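Peer 1: Add 296 to a position in the sequence shown, counting from 1, and you land on the number used in our numbering. Note that CB positions come from ideal geometry on N, CA and C, so glycine has one too. For clarity, every value in this text was computed on a predicted model and none was experimentally measured.
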Amino acid sequence: MSKKLVTYFSASGVTKSVAEKLAQAVGADIFEIAPKVLYTEADLDWRDKTSRSTVEMNDLSYRPEMAEGDVDIAACDTVYIGFPIWWYIAPTIINTFLEKYDWNGKKIVLFATSGGSGWGKTVEKLEDSCKGATIVEGKIVGPTGVTVEELLDWAKSL
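#1: For Ala305, I'd like the list of residues in its chain whose CB is within less than 7 Å of its CB, leaving aside the five on either flank, ordered along the chain.
#2: Bridge partners of Lys332, per DSSP?
#3: Compute the distance between the beta-carbons of Glu361 and Lys332, then report whether it is under 7 Å.
#4: Would you kindly work out how many angstroms separate the C-alpha atoms of Glu395 and Val442, rounded to a whole number?
#5: According to DSSP, is Glu364 part of a helix, a strand, or is it coil?
#6: Can you tell me the Cβ-Cβ gap for Gly414 and Tyr384, rounded? I've got them flagged as a contact below 8 Å.
#7: From the DSSP output, read off the bridge partner residues of Pro380.
#8: Measure the alpha-carbon distance for Thr356 versus Phe407 and round it to whole angstroms.
#9: What is the DSSP secondary structure of Lys452, counted as helix, strand or coil?
#10: Leaving aside the five residues before and after Leu454 along the sequence, list all residues of the same chain whose C-beta is less than 8 Å from its C-beta, in chain order.
#11: Name the one or two DSSP bridge partners that Val375 has.
#12: Going along the chain, which residues of its own chain have a beta-carbon closer than 6 Å to the beta-carbon of Arg343, five neighbours each way excluded?
#13: Which one or two residues does DSSP pair with Lys435 in a beta bridge?
#14: Would you call Lys452 buried or exposed, if buried means 16 or more other Cβ atoms sit within 10 Å of its Cβ?
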């Protein structure tokens, strides 16, 4: 039996809700990719060119520090990774997380929350951070949300 893990970064709580439902749907453990310094509402203002999220996304080599905590990736076959879409890609804290672990032979299934943006270059911008993994461009959950049953149906379709 393969072991699954749901990991997520959630700046405002929306992605956390989806991750909790997904973990329930697939019977997986869950791990939060938490930043060392939490994002404030002002940090997330994409219209402000000086906001923290805008500054980070304008320098894709930037790696925000994660809060303390670790997870046993080696024990997992499939890792679901969730995040809000920022500038048509994953926030760079996802790269921070990926670069901590050995991904050889692992399957990474992405899921994201978005008010309307698509995947853009998400997979392309993550590939160098998780060499050896197979990345599946998964599900984007819009503002209307998703049910546990819908997530289970989606996971079974992979």
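Peer 2: On the basis of the coordinates in this document:
#1: Start at 1 with the first residue of the sequence shown, and residue 305 comes out as number 9. Note that residue 305 is Phe in the sequence shown here, rather than Ala. Counting only Cβ-Cβ distances below 7 Å, and skipping sequence neighbours, we find Thr311, Ile329, Phe379, Pro387, Ile389, Ile390.
#2: Locating residue 332 in the sequence shown gives position 36, counting from the first residue. Partner(s): none; Lys332 has no beta bridge.
#3: The count along the sequence shown starts at 1 and reaches residue 361 at position 65. The count along the sequence shown starts at 1 and reaches residue 332 at position 36. Taking 7 Å as the cut-off, the beta carbon of Glu361 is found closer than this to the beta carbon of Lys332.
#4: As a first step, residue 395 must be located in the sequence shown, where it is residue number 99. As a first step, residue 442 must be located in the sequence shown, where it is residue number 146. Distance from the CA of Glu395 to the CA of Val442, rounded to the nearest whole angstrom, comes to 29 Å.
#5: If you number the sequence shown from 1, residue 364 lands on position 68. Shown here, Glu364 sits in coil according to DSSP, grouped into three states, outside any helix or strand.
#6: To locate residue 414, count along the sequence shown from 1; it is residue 118. To locate residue 384, count along the sequence shown from 1; it is residue 88. Indeed, because the Cβ distance is near 7 Å, the residues count as touching under 8 Å.
#7: As a working note, residue 380 is residue 84 in the sequence shown. Beta-bridge partners of Pro380 (DSSP): Thr409.
#8: Walking along the sequence shown from the start, residue 356 turns up at place 60. Walking along the sequence shown from the start, residue 407 turns up at place 111. One point to set straight first is that residue 356 is Leu, not Thr, in the sequence displayed. Near 20 Å, if we compare the C-alpha coordinates of Phe407 and Leu356.
#9: On the sequence shown, residue 452 is found 156 positions in, with the first residue counted as 1. DSSP, read as helix, strand or coil, puts Lys452 in helix.
#10: By 1-based counting over the sequence shown, the position of residue 454 is 158. Val405, Val432, Gly434.
#11: Locating residue 375 in the sequence shown gives position 79, where the first residue counts as 1. DSSP links Val375 through a beta bridge to Leu301, Ile404.
#12: Taking the first residue of the sequence shown as position 1, residue 343 is located at position 47. Counting only Cβ-Cβ distances below 6 Å, and skipping sequence neighbours, we find nothing.
#13: Along the sequence shown, read from residue 1 onward, the residue named residue 435 stands at position 139. Residue pairing by DSSP places Lys435 opposite Phe407 in a beta bridge.
#14: As a position in the sequence shown, residue 452 is number 156, starting the count at 1. Result: exposed.
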